[in-house]
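The structure under discussion appears below in the form of structure tokens.
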Amino acid sequence: MDYSGQQFEHYQLIAKLGQGGMATVYKAYDTRLERDVAIKVVRKESIPPEQLERILKRFEREAKALAKFIHPNIVPVHDYGEYQGAPFLVMAYLPGGTLKERIGKPVPVRDALGYVIPIASALGYAHQRGVIHRDVKPSNILTTEDGALMLSDFGIAQILEEATTQLTATGMGVGTPEYMAPEQWQGKATAASDQYALGVVLFELLTGRKPYSAETPLAVALKVMSEPLPRPSDLVPEIPEEVEKVLYKALARDPQDRYEDMEALRKALHGLTARGSKSPLKEKVETIGAIADEATEERDSGKPAGSASEIEQVEKITAPVVPEPASQEWVSQPSESITRDALDATPVEEMEAAPKDKRALPNWAPWGGVGVIICAIGLFIWLMPISWKCTLTGNSLGGCLINREEPVVSINEVDGAEMVYVPAGEFLMGSKDGDSDEDPEHTVYLDAYWIYKYEVTNEQYAAFLNEMGNQTKGGVTWLDASSTYANIHESGGEWTADSGHEDHPVVEVTWYGAQAYCEWAGGRLPTEAEWEKA
Numbered sequence: 269m270d271y272s273g274q275q276f277e278h279y280q281l282i283a284k285l286g287q288g289g290m291a292t293v294y295k296a297y298d299t300r301l302e303r304d305v306a307i308k309v310v311r312k313e314s315i316p317p318e319q320l321e322r323i324l325k326r327f328e329r330e331a332k333a334l335a336k337f338i339h340p341n342i343v344p345v346h347d348y349g350e351y352q353g354a355p356f357l358v359m360a361y362l363p364g365g366t367l368k369e370r371i372g373k374p375v376p377v378r379d380a381l382g383y384v385i386p387i388a389s390a391l392g393y394a395h396q397r398g399v400i401h402r403d404v405k406p407s408n409i410l411t412t413e414d415g416a417l418m419l420s421d422f423g424i425a426q427i428l429e430e431a432t433t434q435l436t437a438t439g440m441g442v443g444t445p446e447y448m449a450p451e452q453w454q455g456k457a458t459a460a461s462d463q464y465a466l467g468v469v470l471f472e473l474l475t476g477r478k479p480y481s482a483e484t485p486l487a488v489a490l491k492v493m494s495e496p497l498p499r500p501s502d503l504v505p506e507i508p509e510e511v512e513k514v515l516y517k518a519l520a521r522d523p524q525d526r527y528e529d530m531e532a533l534r535k536a537l538h539g540l541t542a543r544g545s546k547s548p549l550k551e552k553v554e555t556i557g558a559i560a561d562e563a564t565e566e567r568d569s570g571k572p573a574g575s576a577s578e579i580e581q582v583e584k585i586t587a588p589v590v591p592e593p594a595s596q597e598w599v600s601q602p603s604e605s606i607t608r609d610a611l612d613a614t615p616v617e618e619m620e621a622a623p624k625d626k627r628a629l630p631n632w633a634p635w636g637g638v639g640v641i642i643c644a645i646g647l648f649i650w651l652m653p654i655s656w657k658c659t660l661t662g663n664s665l666g667g668c669l670i671n672r673e674e675p676v677v678s679i680n681e682v683d684g685a686e687m688v689y690v691p692a693g694e695f696l697m698g699s700k701d702g703d704s705d706e707d708p709e710h711t712v713y714l715d716a717y718w719i720y721k722y723e724v725t726n727e728q729y730a731a732f733l734n735e736m737g738n739q740t741k742g743g744v745t746w747l748d749a750s751s752t753y754a755n756i757h758e759s760g761g762e763w764t765a766d767s768g769h770e771d772h773p774v775v776e777v778t779w780y781g782a783q784a785y786c787e788w789a790g791g792r793l794p795t796e797a798e799w800e801k802a
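Here the sequence shown is numbered in the numbering used here, starting from 269 and rising by one per residue.
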């Protein structure tokens with residue numbers, strides 16, 4: 269039955285967004301709060317009449333539990349209800365489409381990992397709270413307007429699994445056949461089943477196809493139970509061996525052979541992003557860094573620093589990339605974006621002409637005739653004449669006048685954070701080869717500003733909490749200290765970073781918590797343009 273145009277309490281159903289075997293999703297309008305929402309309506313014919321009352325009670329319990337989920341990669345649940353015997357769930361409306369729309373041909377390894385890592389985080393969050401998804405697949409991974417990924421339909425599959433008469437007849441659990449783990453076919457879904465399903469999603473992203481496909485669900489089940497997993501690199505030779513190893517473990521037939529939990533899988537996936545193959549840009553950066561280190565040692569030991577051949581090598585490396593627009597999709601590869609910015613830095617000849625307002629330039633390590641700075645937000649190199657010495661005379665993030673004769677100082681006095689100076693000027697923002705929201709390429713002018721060199725650490729955020737307290741805004745605390753991923757905890761009224769995690773980036777902080785920290789430290793969150801330029 270199509271409910272488009274009907275009124276469910278104070279929700280006006282506008283149009284059907286999608287339909288599965290047991291539920292239909294509609295775009296709707298909340299007339300009370302005046303906002304668009306998505307409503308998932310369970311097909312009442314899928315619920316046996318004698319089970320309706322029990323299922324409605326179970327639906328209510330699940331909805332209340334899901335409404336308490338607060339995670340950046342889980343679609344928020346707003347409300348629930350029942351219309352003429354059909355349970356419905358009200359969720360945030362995300363108009364950005366689904367991950368399914370991005371599948372069809374192989375995507376680069378880095379992009380594929382970027383898609384599944386936040387979903388692994390969302391699943392780990394749910395598992396810690398006793399909720400198994402049971403139906404992880406690309407069409408249940410939604411995208412926001414700004415490109416973030418969010419997982420939907422938590423708990424729905426479990427309710428349907430208990431309600432459907434087909435389960436009793438066949439013994440098979442509810443799910444999408446190609447993404448179901450072997451144990452799920454036997455009606456024994458566990459958290460490891462979600463791990464398997466996410467592995468299928470990653471396999472599909474990397475190769476453009478599912479590991480097992482057939483014309484009927486039963487035929488798929490037979491393949492899952494008996495056939496070996498296809499080797500991903502046989503389908504796409506560029507897939508690295510270490511990526512295959514993670515896939516084989518996540519897709520192991522026996523749940524005991526998979527990762528210990530979703531957090532272990534997330535860490536393994538995240539580790540792959542750090543061990544990616546070196547790009548030509550990174551190799552150039554590392555070459556310059558090695559030369560700089562050697563020259564610095566020579567200088568410190570009293571030897572002449574930086575041979576003519578070394579300086580010539582640096583000039584050859586940097587010459588071809590000054591200047592060049594952002595014609596490649598650097599947004600999907602942030603570390604390379606910064607590398608490209610580094611090699612596109614202002615040429616030495618232009619640096620010798622003093623800016624009219626004499627604004628500060630970054631700290632640098634002199635060697636030979638050039639200075640090199642490497643900032644750990646990524647690899648960020650600046651070249652400048654050795655005669656340049658500059659300093660900050662204040663802490664404003666809006667830029668400060670400098671005196672070239674004094675030593676460089678770039679420390680925030682509030683939290684001790686190192687800051688990187690980004691000079692005023694124009695830059696080319698966007699990418700004509702990227703996603704539609706990156707088009708068109710356009711020139712943007714920004715005033716000079718300072719931006720943190722590293723992520724805010726657990727130790728820094730703990731100091732902030734000790735002064736300001738862990739306040740609540742938007743219905744949630746700035747820091748979710750109850751999360752298993754948090755590394756800051758309170759004891760005896762004092763917040764401290766966990767031992768061994770003091771210098772790690774702080775996690776489980778809400779947007780409000782990040783904004784409050786920046787204000788406390790004398791700054792603000794960066795804009796998209798400021799982040800892209802930096």
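All residues carry an ideal CB built from backbone N, CA and C; glycine is no exception.
- Non-local beta-carbon contacts of residue 371 in its own chain, meaning distances under 8 Å to residues more than five positions away in sequence, involve 406, 472, 473, 476 in chain order.
- Note on geometry: alpha-carbon atoms of residue 462 and residue 403 lie some 7 Å from one another.
- Per DSSP, residue 418 is not a residue of any alpha helix (DSSP H); the beta strand (DSSP E) it occupies stretches across 417-419.
- When beta bridges are read from the DSSP output, residue 304 appears opposite 297.
- Residue environment analysis places residue 481 among the exposed positions, since fewer than 16 neighbouring C-beta atoms fall within 10 angstroms of its C-beta.
- Between the alpha carbons of residue 773 and residue 724 lies a gap of roughly 6 Å.
- Secondary structure note for residue 762: its beta strand (DSSP E) is the uninterrupted segment 762-765.
- Contact between residue 529 and residue 395 is confirmed by a C-beta separation of about 7 Å, below the 8 Å threshold.
- In this structure, residue 747 lies near residue 781, with their beta-carbon atoms less than 7 Å apart.
- For the options 539, 380, 305, 356, the alpha carbon positioned closest to that of residue 344 is the one of 305.
- Scanning 789, 363, 783 for the CA closest to the CA of residue 685 turns up 789.
- When DSSP reads this structure, residue 711 sits in a beta bridge with 696.
- CA-to-CA, the gap between residue 710 and residue 696 works out to about 6 Å.
- Residue 412 places its beta carbon less than 7 Å from that of residue 364.
- Taking 7 Å as the cut-off, the beta carbon of residue 315 is found closer than this to the beta carbon of residue 323.
- As computed with DSSP, residue 732 is found in no beta bridge at all.
- Restricting attention to 288, 385, 294, 302, the CA atom closest to the CA of residue 540 is found in 385.
- Cβ-Cβ distances below 8 Å link residue 679 to 685, 686, 687 in the same chain, with the five nearest sequence neighbours on each side left out; the list follows chain order.
- Residue environment for residue 538: exposed (fewer than 16 other C-beta atoms within 10 angstroms of its C-beta).
- Ranked by how close their Cα comes to the Cα of residue 373, the residues 504, 516, 785, 414 have 504 in first place.
- Check the Cα spacing between residue 288 and each of 334, 444, 751: the tightest is with 444.
- In the structure shown, residue 361 falls within a coil segment according to DSSP collapsed to helix, strand and coil.
- For the pair residue 291 and residue 279, the CB atoms are not nearer than the 7 Å cut-off.
- Buried is the label assigned to residue 421, since at least 16 other Cβ atoms lie within 10 Å of its Cβ.
- The beta-carbon separation of residue 479 and residue 498, rounded to 6 Å, stays under the 8 Å limit for a contact.
- Annotated three-state conformation of residue 314 is helix, per DSSP.
- Straight-line measurement puts the Cα of residue 800 at about 13 Å from the Cα of residue 693.
- The three-state reading of DSSP puts residue 799 in helix, counting H, G and I together.
- Residue 518 places its beta carbon less than 7 Å from that of residue 526.
- Ranked by Cα distance from residue 740, the first of 778, 492, 318 is 778.
- Cβ neighbours of residue 272 within its own chain (closer than 8 Å, five residues either side excluded): 281, 282, 283, 284, 294.
- In this chain, the beta strand (DSSP E) harbouring residue 758 covers 756-759.
- For the pair residue 408 and residue 716, the Cα-to-Cα distance works out to about 42 Å.
- With contacts defined by Cβ atoms closer than 7 Å, residue 762 and residue 727 do not form a contacting pair.
- Cβ-Cβ separation between residue 354 and residue 310: approximately 6 Å, consistent with a contact (criterion under 8 Å).
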